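*Asks:* A single structure is presented below for examination.
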Amino acid sequence: MPELAPALPPGARAFATHPEHYDFSAPRCVKDLRPLALPTADAAPEHCEIRFAWSGGQDEVLAIRYSGVRLIEITADDDGDVELSDYNSVRLDEILPHEAGCSHELRLTTATVRIVCADLVAQWAPTSE
Numbered sequence: 000m001p002e003l004a005p006a007l008p009p010g011a012r013a014f015a016t017h018p019e020h021y022d023f024s025a026p027r028c029v030k031d032l033r034p035l036a037l038p039t040a041d042a043a044p045e046h047c048e049i050r051f052a053w054s055g056g057q058d059e060v061l062a063i064r065y066s067g068v069r070l071i072e073i074t075a076d077d078d079g080d081v082e083l084s085d086y087n088s089v090r091l092d093e094i095l096p097h098e099a100g101c102s103h104e105l106r107l108t109t110a111t112v113r114i115v116c117a118d119l120v121a122q123w124a125p126t127s128e
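Numbering that gives the first Met the number 0 applies: residue 0 is where the sequence shown begins, and numbers increase by one.
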C-alpha cells in the first residue's frame with residue numbers, strides 16, 4: 000500500500016492507510032462486516048453509499064460514501080441475486096488508483112462489488128445514527 004497511497008484521492012487514501020483497516024484484530028477492520036444494502040448496478044448514480052454492520056451487533060456501523068461514481072458492478076458467484084445476510088460478509092477489500100480517481104473492490108463470501116469513483120469517504124458512526 001505505501002507505493003499506491005500517493006496515487007489515491009484523499010478520502011480513499013485515508014481509509015486505505017488507516018492502521019486498523021487491514022488489522023484483523025482491530026475493532027475497525029473491515030473483514031467480516033456485512034453490507035446492509037447495496038447500490039443498484041444498473042443506475043450508477045453520481046453518489047452512492049454502502050453501510051456495513053457487524054454480525055454480532057457492535058455499537059458502530061461503517062458508512063462508505065462514494066462520489067463521482069463512474070461504475071458499479073455487483074456480481075454473485077452463482078450469477079443470481081446477492082443475498083444480504085450475516086453469512087455474506089466482507090472477506091477482503093482493495094482500493095486501487097484509477098484514471099477516474101479510485102476503484103474499490105469488495106470481495107464478499109459469495110459475491111463481488113466493484114465501484115469506480117472520483118473518491119470515497121469512510122466514516123464509523125454509532126448504530127443509533
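Ideal Cβ positions, reconstructed from N, Cα and C, are used throughout, including at glycine.
It should be emphasised that the depicted structure is a prediction, and the values quoted were computed from it without experimental measurement.
In chain order, what residues of the same chain have a beta carbon less than 6 angstroms from the beta carbon of THR111, not counting five sequence neighbours either side?
*Replies:* The answer, listed in chain order, is THR74.
*Asks:* When DSSP builds the beta bridges, which residues end up paired with CYS116?
*Replies:* DSSP, once it has assigned bridges, lists CYS101 as partnering CYS116.
*Asks:* Compute the Euclidean distance between the alpha carbons of ASN135 and ALA25, then round it to the nearest angstrom.
*Replies:* The shown model of the chain, from 0 to 128, leaves out residue 135, and the question about it has no answer.
*Asks:* Can you grab the Cα-Cα spacing for the pair GLY67 / PHE23, in whole Å?
*Replies:* In a straight line, the C-alpha of GLY67 is about 30 angstroms away from that of PHE23.
*Asks:* PRO96 bridges to which residues according to DSSP?
*Replies:* For PRO96, which the question treats as bridged, DSSP gives the partners CYS101.
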